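K.L.:
434 is the number that my numbering gives to position 330 of the sequence shown; each next residue is one higher, with no gaps. Cβ coordinates follow ideal geometry from the N, Cα and C atoms, glycine included. Only a predicted model underlies this, so the values are computations on that prediction, with no experimental measurement involved.
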Amino acid sequence: MQEYDPLLIERGQGATLYDTDGKRYIDGSSSLWCNVHGHCHPRLNQALIDQLGRVAHTTNLGLSNPTTTRFAKRLIEAAPAGLERVFFSGDGSSAIEAALKLAFQFWRQCDDPQPSRTKFIAIDEAYHGDTLGATGVGGVPRFGSLFASLTFEAIRIPTPFVRRPLEESPRRAEASQNTSLEHLENILKRQSHEIAAMIMEPLVQAAAGMLVHPPGFLRAVRKLTAQYDVLLIADEVAVGFGRTGTLFACEQEQVSPDFLCLAKGITGGYLPMAATLTTPRVWNAFLGTHAERRTFFHGHTYGGNPLAAAVGLESLTLFDDQCVLENLPPKITRLRDHIARIATIEHVGDVRQCGMMVGIELVADKARGRGYPWEEKRGMRACVAARKHGALLRPLGDVVVLMPPLCITLDEIDCLAAAAEAGIHEATQSLR
């Protein structure tokens, strides 16, 4: 932050943000991957106002309210089959923490208790949040290495991601996926009796730089975890609510996890909220009398806040009323066309896309795939330069990320891509 001046954003409309000087920018990162239907949406605004006229907040500890109850029901209706219970919290990290603790406690009080199941499997380069439990199952060193001594150590398998477009290297993609799955199966064969759950980001490891998994990987993981009775936690905090082209990423491989963690887009990008969905099997393990001490002693003050629930309800209604998912294919194609052109730039290495999620990797040497020294911050330079061309972007290291609101128009996609391209040219031609 010492090296550049932060913008002050005063207002927004649709996919556009305006700073205090009146300059407009396309919101190329969906305000950190959460805005879905655009800023200042009249129906979301009205849903919030209407709920304010009833009650702004009541606790969900021992009580509830009609709005939050209706929202839980709508989430269950929309989620993959079998997820029939909802635990609300305040952000993505909290949704993950709840899933980890629920899985851990489940094995102590289910019908067939197995208290030896205390460990978690995670994927290299995974990101699941910044709280300590989430950091423990994370695998991006720049986010978690400093705090390693404060967390537990997860059992890790290699990421199935392979650089370069999958259509250019199908054999490499298949080999990478097989290696990852072989590691997983070997771990499960040896020590499934010690493992409470596996956690993964379905389809895309977003914060690692938009690492896209080969088709079929998620389905294969679900098959193995089910075979060895290991719970599966699907972290859809970033990929949920239409980002991959379907409402939930798990849908694309017909997978129903044991836990589904949601946040970011859950309220359309309006208010903080998160949810951890789970199955009756897990839920039933926590039922009992006070004397049996089966309660999940975990809760957040604003978990299930009715203002957030009201906006979340209206957001789900907008998905239906405005055919949001049905309107995505041409937008996804337009993005794909632009990144195909951007991929030809001298210092662009790998480009990756899944639905409305794009990662453009900047490299010093394209032929050798050699990256820039991290001190040069080429990704940040590209994003700062893109501001001059009317787009707000945020990098992941030297990966320039495009993840606009789903409401973005085709013309706005053209402007966003042009700004990103100009920023990349400027950042990679300087300091040579």
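Applying the criterion that 16 or more other CB atoms from any shown protein chain within 10 Å of the CB defines a buried residue, is Glu-271 buried or exposed?
P.N.:
Here Glu-271 scores only 49 on pLDDT, less than 50, and its place in the model should not be relied on; the value that follows carries that caveat. By the neighbour-count rule (16 or more Cβ atoms within 10 Å), Glu-271 is not buried but exposed.
K.L.:
Give the list of continuous alpha helix (DSSP H) stretches no shorter than 4 residues that lie fully inside the segment 405-451.
P.N.:
Entirely contained in the segment 405-451, the alpha helix (DSSP H) runs reaching 4 residues are, in chain order, 410-425 and 432-446.
K.L.:
Roughly how many whole angstroms lie between the Cα atoms of Thr-120 and Ile-464?
P.N.:
22 Å
K.L.:
What are the partner residues of Asp-131, as DSSP defines its beta bridges?
P.N.:
Asp-131 is bridged to Leu-496.
K.L.:
Do you know how far the Cα of Ala-521 is from the Cα of Thr-532?
P.N.:
Between Thr-532 and Ala-521, the C-alpha separation is close to 16 Å.
K.L.:
Which same chain residues, not among the five before or five after Glu-357, have their C-beta less than 6 Å away from its C-beta?
P.N.:
Leu-322 and Arg-323
K.L.:
Taking buried to mean at least 16 other C-beta atoms within 10 Å of its own C-beta, is Leu-381 buried or exposed?
P.N.:
buried
K.L.:
Quick one, are the C-beta atoms of Pro-264 and Ser-284 less than 8 Å apart?
P.N.:
yes
K.L.:
What does DSSP give as the partner residues of Asp-469 in its beta bridges?
P.N.:
DSSP lists Arg-474 as partners of Asp-469.
K.L.:
Suppose the cutoff is 6 Å on Cβ atoms and the five residues either side in sequence are ignored; what does the same chain contact list for Ile-370 look like?
P.N.:
Residues of the same chain with a CB within less than 6 Å of the CB of Ile-370, apart from the 5 flanking positions on each side, are Met-377 and Gly-416 in chain order.
K.L.:
Would you tell me roughly how many angstroms separate the C-alpha atoms of Ala-185 and Lys-470, rounded to the nearest one?
P.N.:
Spanning the two alpha carbons is a distance of roughly 44 Å.
K.L.:
In this structure, how does DSSP classify Gly-527 when only helix, strand and coil are distinguished?
P.N.:
helix
K.L.:
In three-state terms, what does DSSP make of Ser-296?
P.N.:
Three-state result, Ser-296: helix.
K.L.:
Indicate the three-state DSSP secondary structure (helix, strand or coil) for Gly-242 in the structure shown.
P.N.:
coil
K.L.:
Based on the DSSP output, what are the partners of Leu-506 in its beta bridges?
P.N.:
Val-462
K.L.:
Please identify the residue among Gly-126, Arg-189 and Met-314 whose C-alpha is closest to the C-alpha of Leu-391.
P.N.:
Ranking Gly-126, Arg-189 and Met-314 by Cα distance to Leu-391 puts Arg-189 first.
K.L.:
Can you tell me which of Ser-220, Arg-397, Glu-525 and Leu-496 puts its alpha carbon nearest to the alpha carbon of Glu-450?
P.N.:
Glu-525
K.L.:
May I have a chain-ordered list of the alpha helix (DSSP H) segments no shorter than 4 residues that lie completely inside the segment 321-345?
P.N.:
321-331
K.L.:
Does the segment 207-216 come close enough to the segment 338-357 to have 3 or more Cβ pairs within less than 8 Å?
P.N.:
no
K.L.:
Are the segment 487-503 and the segment 414-433 touching by the rule of at least three beta carbon pairs closer than 8 Å?
P.N.:
no
K.L.:
Run through the segment 146-204 for me and flag every whole beta strand (DSSP E) of 3 or more residues, listed as ranges in chain order.
P.N.:
189-193
K.L.:
Applying the 10 Å Cβ sphere with the 16-neighbour rule, what's the burial state of Lys-492?
P.N.:
exposed
K.L.:
From Ile-261, Ile-259 and Gly-233, pick the residue whose C-alpha is nearest to that of Gly-248; which is it?
P.N.:
Ranking Ile-261, Ile-259 and Gly-233 by Cα distance to Gly-248 puts Gly-233 first.
K.L.:
Assign Leu-351 to buried or exposed, taking buried as 16 or more other Cβ atoms, counted over all protein chains shown, within 10 Å of its Cβ.
P.N.:
buried
K.L.:
Am I right that Ile-130 and Leu-496 are in contact with their C-beta atoms under 8 Å? What's the rounded C-beta distance?
P.N.:
7 Å
K.L.:
Using only alpha-carbon positions, find the residue among Ala-468, Gln-426 and His-529 that is nearest to Glu-479.
P.N.:
It is Ala-468 whose Cα lies nearest to the Cα of Glu-479.
K.L.:
How many angstroms separate the CA atom of Ala-199 from the CA atom of Phe-192?
P.N.:
8 Å
K.L.:
Using DSSP's beta-bridge definition, name the partner residues of Thr-380.
P.N.:
Phe-191 and Cys-365
K.L.:
Give me, in chain order, the residues of the same chain whose beta-carbon lies closer than 6 Å to that of Val-455; leave out the 5 immediate sequence neighbours on both sides.
P.N.:
Ile-443, Ala-447 and Ile-464
K.L.:
According to DSSP, simplified to helix, strand and coil, what is Val-359?
P.N.:
Coil at Val-359, not helix or strand.
K.L.:
Can you tell me whether DSSP reads Phe-208 as helix, strand or coil?
P.N.:
helix
K.L.:
Where does Met-304 fall in DSSP's three states?
P.N.:
strand
K.L.:
Is the CB-CB distance between Thr-172 and Gly-494 below 8 Å?
P.N.:
no
K.L.:
Please check the pair Ala-312 and Ala-238, which I expect to be a contact at CB under 8 Å, by giving their CB distance rounded to whole angstroms.
P.N.:
In fact, because the Cβ distance is near 14 Å, the residues do not count as touching under 8 Å.
K.L.:
For Gly-349, which three-state DSSP category applies?
P.N.:
Looking at Gly-349 - three-state DSSP - the assignment turns out to be coil, as it is neither helix nor strand.
K.L.:
What three-state label does DSSP hand Arg-260 in the structure shown?
P.N.:
strand
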